[in-house]
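Chemist: Each residue of the sequence shown is one higher than the one before, starting from 1 at the first, in the UniProt record's numbering. Every residue gets a Cβ at the ideal spot worked out from N, C-alpha and C, and that includes glycine. Take a look at this one; I'll ask things after.
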Amino acid sequence: MTDADPHLAGIRVYPVKSLDPDPRTRARVLADGGLTHDRAYAIRDADGRYVNGKREPAVHGIDATFDPADHALALRTRSRDRESRPDGALSATTVSLADESGRDAAADWLSTYFDYPVTLDHDGTGGFPDDTTAHGPTVVSTATLDAIGDWFDLGTESVRRRFRPTLEIGGVPAFWEDRLYADREHVVRFRIGDAEFLGTNPCSRCAVPSRDPETGDAIEGFRETFVERREATRPAWADEAWFDHHYRLAVNTAVPEATVGATLTVGDAVTVLDVEAGNPQS
């Protein structure tokens, strides 16, 4: 590890929860721990449940692009989905999410696409995180994504889009990020640039990583293969207290109050500081 050079290699936010990522070079930490524009919008059904990849594989058929300059969301169906729709293509649209009328227009488009009514909700204070206890950004290393790509003969970008991490660490070996959590009673404090985070636990995964992010096609036996390889390659520094199962990847984080308002920039150095008592996930 003496030649490791931990640094922030990538930032990816997901403006609409479950839809496409938006790569950034800089991002600010918000009051509730999320990053600017990350999962700031969420699609919900009539019962208030998230319409996400865990419950609705059709989300993979949506091509979404967000422009933060004017909060413009462009929506279109991917080519394969257009070919499969019996009523022909659903026309592409671009709406501004800066006001309620634009969000309503986006919800109308999405309702037509899913063929059931949905809303597009907004939370600008920290978004709609997957983990509501440790709701800071998730962290993984580029080398880890490379290694998983080798397991399944996938490109790194495909793995990145399947697991949907927020922060990516370069200059380190595969599974280095497993240093960023401890046991169920402790957290690991680490710094990225001027911002400090508390690593809480390795993230338990759902069915989404098994699916092609463009088509939704699933790899047969993905979870079983992943569990076998993850257990075989789990590094000595990964605290086994969290591994009741090995379908875990990337690190969930909590955000100290002093970090709110800090800005992360690609290239920032990453430093592991210390282990502290108190874990919100315990």
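Quick check on the burial criterion: 16 or more other C-beta atoms within 10 angstroms. Buried or exposed for histidine 37?
Modeler: As a working note, residue 37 is residue 37 in the sequence shown. Histidine 37 is buried by the Cβ-count criterion.
Chemist: Given a cut-off of 7 Å, decide if valine 159 and alanine 250 are closer than it, judged by their beta-carbon atoms.
Modeler: For the purposes of this step, residue 250 is taken as the residue at position 250 of the sequence shown. For the purposes of this step, residue 159 is taken as the residue at position 159 of the sequence shown. No; because the gap between Cβ atoms is not below 7 Å, this pair is not in contact.
Chemist: Whose CA, out of Arg26, Tyr14, Asn252, Asp5, lies closest to the CA of glycine 261?
Modeler: Along the sequence shown, one-based indexing puts residue 261 at 261. Comparing Cα positions, the closest option is Arg26.
Chemist: Does the Cβ of glycine 278 have 16 or more other Cβ atoms within 10 Å, making it buried, or fewer, making it exposed?
Modeler: Taking the sequence shown and counting its residues from 1, the one referred to as residue 278 is at position 278. With fewer than 16 other Cβ atoms within 10 Å, it is exposed.
Chemist: With alanine 9 and glycine 170 assumed to form a contact (beta carbons below 8 Å), what rounded beta-carbon distance in angstroms separates them?
Modeler: Residue mapping note: residue 9 aligns to position 9 of the sequence shown, counting from 1. Residue mapping note: residue 170 aligns to position 170 of the sequence shown, counting from 1. Indeed they touch by this definition, with Cβ atoms about 3 Å apart.
Chemist: Please classify aspartate 22: does DSSP put it in a helix, a strand, or coil?
Modeler: Here residue 22 refers to the residue found at position 22 when the sequence shown is read from its first residue. Aspartate 22: strand per DSSP, three-state reduction.
Chemist: Look up residue 290 in the DSSP assignment and say whether it is helix, strand or coil.
Modeler: Not covered by the structure: residue 290. The range shown for the chain is 1 to 282.
Chemist: Return the residue from the list Asp47, Ser91, Asp99 that minimises the CA-CA distance to tyrosine 41.
Modeler: For the purposes of this step, residue 41 is taken as residue 41 along the sequence shown, with counting starting at 1. The shortest C-alpha separation from tyrosine 41 is found at Asp99.
Chemist: From glutamate 196 to isoleucine 11, what does the alpha carbon distance come to, in whole angstroms?
Modeler: Translated into positions along the sequence shown, residue 196 becomes position 196. Translated into positions along the sequence shown, residue 11 becomes position 11. One C-alpha to the other measures close to 16 Å.
Chemist: Tell me where the alpha helix (DSSP H) around threonine 156 begins and ends.
Modeler: Position 156 of the sequence shown, counting from 1, holds the residue named residue 156. Element bounds for threonine 156: 156-163.
Chemist: Candidates Val118, Phe66, Leu73: which alpha carbon is nearest tyrosine 50's?
Modeler: Sequence index remark: in the sequence shown, residue 50 carries index 50 (1-based). Answer by Cα proximity: Val118.
Chemist: Which value, in whole angstroms, describes the spacing of the CA atoms of leucine 90 and glutamine 281?
Modeler: Sequence index remark: in the sequence shown, residue 90 carries index 90 (1-based). Sequence index remark: in the sequence shown, residue 281 carries index 281 (1-based). If you take the alpha carbons of leucine 90 and glutamine 281, they lie about 42 Å apart.
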